[in-house]
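Student:
Numbering (UniProt numbering), first residue to last: 1 to 334.
1) DSSP beta-bridge partners for residue 79?
2) For a test of the three-state rule: what should DSSP assign to residue 121, helix, strand or coil?
3) Please say whether residue 63 and residue 93 have beta carbons closer to each other than 8 Å?
4) Note the first and the last residue of the continuous alpha helix (DSSP H) segment covering residue 51.
5) Within 10 angstroms of the Cβ of residue 50, are there 16 or more other Cβ atoms? Answer buried if so, exposed if not.
6) Using three-state DSSP, classify residue 21 as helix, strand or coil.
7) Can you give me the start and stop residues for the alpha helix (DSSP H) that residue 86 sits inside?
8) Just confirm the distance between the C-beta atoms of residue 34 and residue 42, as a whole number of angstroms; I'd bet it's less than 8 Å.
9) Alpha carbons only, please: which of 40, 59, 65 is nearest the one belonging to residue 52?
10) Return the residue from the list 95, 86, 149 that minimises the CA-CA distance to residue 120.
11) With a cut-off of 8 Å on the beta carbons, I'd call residue 82 and residue 60 a contact; round off their distance for me.
12) From residue 192 to residue 167, what distance separates their C-alpha atoms?
13) Can you grab the Cα-Cα spacing for the pair residue 100 / residue 108, in whole Å?
14) Do the CB positions of residue 4 and residue 48 come within less than 8 Å of each other?
15) Look at residue 115 and residue 96 and say whether their C-beta atoms are less than 8 Å apart.
16) CB-CB under 7 Å to residue 67, same chain, minus the five flanking residues each way: which ones, in chain order?
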């Protein structure tokens with residue numbers, strides 16, 4: 001018959017293979033331990049009545065140990081499969097552990113909750129896309145890199161030797177001393193021919209690019225020359241236009257000899273039209289002075305008119321009229 005106190009005194013004071021001591025706590029590595037701590041109530045060896053919850057291949061089981069099965073080590077733990085539904089599983093735990101200590105019932109429920117939570121996280125992670133992490137040993141990597149470097153050096157040396165031998169064969173240094181296989185010789189010649197063709201193609205492409213650049217530069221230079229050779233007429237500014245208007249003879253009085261019967265005709269219609277034209281012309285009522293005084297007055301009037309034009313740039317019409325001598329002016333006026 002099992003004596004729990006005797007077993008615990010031996011385990012606690014002497015040696016236990018499942019005990020792990022640290023600076024702060026003492027842990028238990030037994031697979032059926034309920035909490036993972038090495039204490040009197042949670043030790044699976046020192047308690048003849050014991051229960052725990054475990055997970056195997058995604059299925060949660062309730063394991064129970066009773067004193068009636070102590071004489072059969074193979075059937076010591078009774079296993080009960082718990083439902084996938086959380087509420088039903090809790091009910092199963094309560095039914096199977098009705099008369100057990102409350103401490104063991106509460107710890108079993110907590111353990112069941114933790115196991116269901118980590119199973120849910122495992123399923124979520126499995127459904128997601130994860131990167132496969134492959135471990136690499138630094139020793140093997142270094143060995144492979146050294147071998148690759150040596151192989152490259154050996155390949156370069158072999159290639160140099162082969163090229164030197166082929167060049168000597170071409171120049172005829174060995175003549176008929178060595179009998180090389182014709183297939184290897186032909187392969188080497190073909191490889192050299194292909195390399196020469198590739199070099200020629202690259203040279204041709206470079207020449208074409210240079211010619212295109214030269215053509216583009218030539219076209220740009222021709223356009224520049226054409227633009228320089230063209231003669232452009234410089235537009236007149238506002239000041240120059242005003243100066244030209246002031247220098248032009250339009251609007252100045254001129255003496256012109258006219259007949260005495262100017263403005264009179266035989267037909268009445270002509271008289272009416274002439275009268276209308278005469279009415280449109282407004283002659284400044286000034287005394288007749290010398291020619292110089294009239295010219296100065298006209299120049300002043302022209303300058304004032306140009307100033308007004310500059311101040312108010314509007315559409316203006318210039319009327320050219322002729323002024324007669326004093327006697328003819330009197331005739332026109334009356």
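Glycine included, every Cβ here is placed at the ideal spot set by N, Cα and C. Predicted, not measured: the structure shown is a model, and the values here were computed from it.
Tutor: On the basis of the supplied data:
1) Within the chain shown, the letter at position 79 stands for residue 79. Paired residue(s): 63.
2) By one-based count along the chain shown, residue 121 stands at place 121. Helix, per DSSP.
3) In the chain shown, residue 93 corresponds to position 93, counting from 1. In the chain shown, residue 63 corresponds to position 63, counting from 1. Against a cut-off of 8 Å, the Cβ pair of residue 63 and residue 93 comes out as no contact.
4) Indexing the chain shown from 1 puts residue 51 at position 51. That residue, residue 51, is in no alpha helix (DSSP H); its beta strand (DSSP E) goes 50-56.
5) Numbered from its first residue, the chain shown carries residue 50 at position 50. So residue 50 counts as buried.
6) Reading the chain shown from its first residue, position 21 is the one you call residue 21. Note: residue 21 maps to strand in three-state DSSP.
7) The residue you call residue 86 lines up with position 86 of the chain shown. Taken as a continuous stretch (DSSP letters only), the alpha helix (DSSP H) holding residue 86 covers 86-96.
8) For the purposes of this step, residue 34 is taken as the residue at position 34 of the chain shown. For the purposes of this step, residue 42 is taken as the residue at position 42 of the chain shown. Indeed they touch by this definition, with Cβ atoms about 5 Å apart.
9) Counting from one through the chain shown, the residue named residue 52 turns up at place 52. It is 65 whose Cα lies nearest to the Cα of residue 52.
10) Counting from one through the chain shown, the residue named residue 120 turns up at place 120. The candidate whose alpha carbon is nearest that of residue 120 is 86.
11) The residue given as residue 82 occupies position 82 in the chain shown. The residue given as residue 60 occupies position 60 in the chain shown. Contact flag correct, Cβ pair sits at about 5 Å.
12) On the chain shown, position 192 is the one that residue 192 refers to. On the chain shown, position 167 is the one that residue 167 refers to. Looking at the two C-alpha atoms, the distance is approximately 11 Å.
13) Counting from 1 along the chain shown, the entry for residue 100 is found at position 100. Counting from 1 along the chain shown, the entry for residue 108 is found at position 108. Residue 100 and residue 108: Cα-Cα distance of roughly 11 Å.
14) Your numbering for residue 4 matches position 4 in the chain shown. Your numbering for residue 48 matches position 48 in the chain shown. Contact flag set, yes.
15) In the chain shown, residue 115 corresponds to position 115, counting from 1. In the chain shown, residue 96 corresponds to position 96, counting from 1. Contact: no.
16) As a first step, residue 67 is located in the chain shown; it is residue number 67 there, counting from the start. So the list reads 2, 48, 49, once near-sequence residues are dropped.
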